[in-house]
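Trainee: Below you will find the structure I want to go over with you.
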Amino acid sequence: MLQADEITLKQLEQWPKSYSRDFFIWRYLDQNISAKSADKAFYLINSVNWSLLHRYAKKTKKPRFKMADKCHFLKPKDLPAKDPSCSAIAITPYKFSKLSSSKQSELIKQLKNFPNIVKWMRVMASNDPFLTLIEADSDTFFKIYNQCGRVWRNKFLNHPLPQKLIDQLATRKEFAQTIKLIVTDNNMIDAQKSLFKVDSKKLNHQSTFFLAMNAINFGRINQAKKYLESAYKKAYYRFDLDKTLFWLAQVDPKGKHLDELLKSFDINIYTLYARELKKLPLPKVVTPDFKKSGCDFNISNPFEWIPVLRQIKNYSSDKLTKLAKKFSCDETEGHYSFLMERAARYRTEYFPMPYKNAYKDLPKNDQALILALARQESRFIPSSISTSYALGMMQIMPFLVKSLAKELKEPFDLDKMFDPIINISYAKQHLKFLKRSLYHPLFIAYAYNGGIGFTKRLLKKRGLFKKGKFEPWLSMELVYYDESRRYGKKVLANYIVYKNLLGEPIDVVSSVESLTKPDRTDRFRASK
């Protein structure tokens, strides 16, 4: 589409305000431009993040931005900074936890004019941090508990929370993060035991669901059922309703929950499991296969799809169907499917298989994996750009594009990521690396989304995916990274459907049950 050195301020001003334009501003700020041009570009940003601020700080002459950037990225070893204001910008509970007691005292003294920061630092530096914390105000509690990092939390905060404090905290939205951090950490057992009597009335669906998983983990099935019933009433998305019905069926097998689950219009790992248990075939899906090409649409231009998305917000089903016909070409099967699913109000699911030439040489397992990932990553839209600037159909991050280009001995060119054939070739290269350590599509999905380091820590340090009652389903609910937890289950369901479409059907039960067998799923645990 463009070359990085061709991006101009005029182009940026003409393109619609969007995450896509932010990505090109991010690139523009890396070019040889003046401070004045950088300032103009900065004020065009749709959503400011630290990636943009970091590049802008290098170009602007405004000292407050330069200071904010420099101080934000200071490491614990660089603290205290010479300037107290810089230390105040840099310090977080996590960084504070990494300091020696003498450095902590020094920092507390330096920041005496920043009382809100000193308040939580004094708690962390006290002789008994937990006792001091539970006597502190709610803001201080959440600041520390939710941001101190796992190591410090395990060391100092793995104690039962007093019921009176829980009742007080449960009214705050920050308590959702506290619950997640406790329930998903196998080293927080004492803290987990204090969550059995949490009043879930003011909690959201996911927090209530976590409380149910926590109760199940301790064999408190009746308590789990109550939380699940409450979670079901709070669920908005069909996926979450189905997830809750699945677990109600586990804790109350004599109930009608599985029958309710079978009524769902959504294709997900839970409904696939229910259909298999009842010996029902996979639900019907649509896989468009257009032979013609040449639709009047540039699939590689991010700014051509944005107006379509904005245009269809209030479209009726008929108008969406009519518009979708304009995309009935082989290179726009993803766009067509996206519009038709919306026209059907997501009651009909589309599983397209576009750009076959890019992966037809692969074994069916690998074809299904690429399709499963692409469906979740971008819905097969080649010009997709995420909020974190993951690019193209397979949503590859710029730093990874650079690394993969070197491996493939190709010039580093981010614009090539909007070509689906090239984008898939880069994803294939990355998947080769992931598959050296991971053999199961769920674990590969975790690594594709959250990174190989995250997945290694998940498998080696979190006590998950071991044999036991309700496993490995329970482990799938206790993945601590929110996005990867949901993403992995979505990709696995996609994978099962695509394997079926490719003529190599697999069953849900055996696929899921193998997750507790390290020799079949990963080398991280098998190497023990």
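Residue 1 is where the sequence shown starts when you use full-length UniProt numbering, and the numbers rise one by one after that. We put the beta carbon where it would ideally sit given N, CA and C, even for glycine.
Report all residues from its chain with a CB closer than 8 Å to the CB of residue 529; omit the five preceding and five following residues, and keep chain order.
Mentor: What the structure shows of the chain is the stretch from 1 to 528, and residue 529 is not part of that stretch, so it cannot be assessed.
Trainee: Could you pull the DSSP bridge partners for residue 464 from this structure?
Mentor: None, per the DSSP bridge assignment.
Trainee: Need the endpoints of the alpha helix (DSSP H) that residue 425 sits in, please.
Mentor: Counted as a single uninterrupted DSSP element, the alpha helix (DSSP H) harbouring residue 425 occupies residues 420–434.
Trainee: Could you tell me which whole beta strand (DSSP E) segments of length 3 or greater appear in the segment 164–190?
Mentor: none
Trainee: Could you tell me the boundaries of the alpha helix (DSSP H) in which residue 118 lies?
Mentor: 115–125
Trainee: Mark residue 305 as exposed unless 16 or more other C-beta atoms lie within 10 angstroms of its C-beta, in which case mark it buried.
Mentor: buried
Trainee: So which of 157, 492 and 468 has the shortest CA-CA distance to residue 609?
Mentor: An answer regarding residue 609 cannot be provided, because it is not within the stretch 1 to 528 covered by the chain.
Trainee: Could you tell me the alpha carbon to alpha carbon distance between residue 38 and residue 20, rounded to whole angstroms?
Mentor: For the pair residue 38 and residue 20, the Cα-to-Cα distance works out to about 18 Å.
Trainee: By DSSP, does residue 522 sit in helix, in strand, or in coil?
Mentor: strand
Trainee: One question on the structure: do residue 382 and residue 336 come within less than 8 Å of each other, judged by their Cβ atoms?
Mentor: no
Trainee: Once the 5 residues before and after residue 67 are set aside, which same chain residues still bring their CB inside 7 Å of it?
Mentor: 86
Trainee: Compute the Euclidean distance between the alpha carbons of residue 329 and residue 456, then round it to the nearest angstrom.
Mentor: Across the structure, residue 329 and residue 456 are spaced so that their CA atoms are roughly 41 Å apart.
Trainee: Look at the alpha carbon of residue 343 and the alpha carbon of residue 283, and state the distance between them as a whole number of angstroms.
Mentor: 19 Å
Trainee: Whose C-beta lies closer than 6 Å to the C-beta of residue 230 among residues of the same chain, with five residues either side of it excluded?
Mentor: Cβ neighbours of residue 230 beyond the five flanking positions: 200 and 208.
Trainee: Distance, Cα to Cα, residue 195 vs residue 418?
Mentor: 47 Å
Trainee: Please report the residue range of the alpha helix (DSSP H) in which residue 295 lies.
Mentor: Taken as a continuous stretch (DSSP letters only), residue 295 belongs to no alpha helix (DSSP H), as it is neither H nor E.
Trainee: Rounded to whole angstroms, how far is the Cβ of residue 444 from the Cβ of residue 369, which I believe are closer than 8 Å?
Mentor: Between residue 369 and residue 444 the Cβ distance is about 7 Å, and since that is below 8 Å, they are a contact.
Trainee: Whole angstroms is fine: what's the gap from residue 113's alpha carbon to residue 119's?
Mentor: 11 Å
Trainee: What three-state label does DSSP hand residue 515 in the structure shown?
Mentor: helix
Trainee: Take residue 298 and list the residues in its own chain whose beta-carbon comes closer than 6 Å to its own, dropping the five residues that flank it on each side.
Mentor: Only 304 meet the Cβ criterion.
Trainee: Roughly how far, in whole angstroms, is the beta-carbon of residue 110 from the beta-carbon of residue 84, given that I think they are within contact range, below 8 Å?
Mentor: Right, the Cβ-Cβ distance comes to about 5 Å (below 8 Å), so this counts as a contact.
Trainee: Please tell me whether residue 339 has its Cβ less than 8 Å away from any Cβ of chain D.
Mentor: No chain D is part of this structure, which consists of one protein chain only.
Trainee: Do you know how far the Cα of residue 74 is from the Cα of residue 62?
Mentor: 19 Å
Trainee: Around the C-beta of residue 441, are 16 or more other C-beta atoms found within 10 angstroms, so that it is buried, or is it exposed?
Mentor: So residue 441 ends up on the buried side.
Trainee: Please confirm whether residue 508 and residue 273 have their CB atoms less than 8 Å apart.
Mentor: Against a cut-off of 8 Å, the Cβ pair of residue 273 and residue 508 comes out as a contact.
Trainee: Ignoring anything shorter than 4 residues or poking outside the segment 68–149, list the alpha helix (DSSP H) runs there in chain order.
Mentor: If we require 4 residues or more, the alpha helix (DSSP H) runs fully inside the segment 68–149 come out as 84–90, 93–97, 101–110, 115–125, 129–134 and 138–147.
Trainee: Cβ atoms of residue 359 and residue 424: under 8 Å apart, would you say?
Mentor: yes
Trainee: Report all residues from its chain with a CB closer than 8 Å to the CB of residue 186; omit the five preceding and five following residues, and keep chain order.
Mentor: 462, 463 and 464
Trainee: Relative to the alpha-carbon of residue 565, which residue among 226, 180, 491 and 366 has its alpha-carbon at the smallest distance?
Mentor: For the chain, the structure presents residues 1 to 528; residue 565 sits outside this window and is missing.
Trainee: Could you check what DSSP says for residue 400 in three-state terms: helix, strand or coil?
Mentor: helix
Trainee: Between residue 188 and residue 154, how many whole angstroms is the CB-CB distance? I'm expecting something under 8 Å.
Mentor: 7 Å
Trainee: Cutting at 6 Å between CB atoms, please list the residues of its own chain near residue 354, excluding the five before and the five after it.
Mentor: 333, 334 and 380
Trainee: What number of angstroms, rounded off, separates the C-alpha of residue 516 from the C-alpha of residue 524?
Mentor: 13 Å
Trainee: Could I get the ranges of all uninterrupted alpha helix (DSSP H) runs contained in the segment 235–288, with 4 residues as the minimum, in chain order?
Mentor: 238–251, 257–262 and 269–277
Trainee: Applying the 10 Å Cβ sphere with the 16-neighbour rule, what's the burial state of residue 255?
Mentor: exposed
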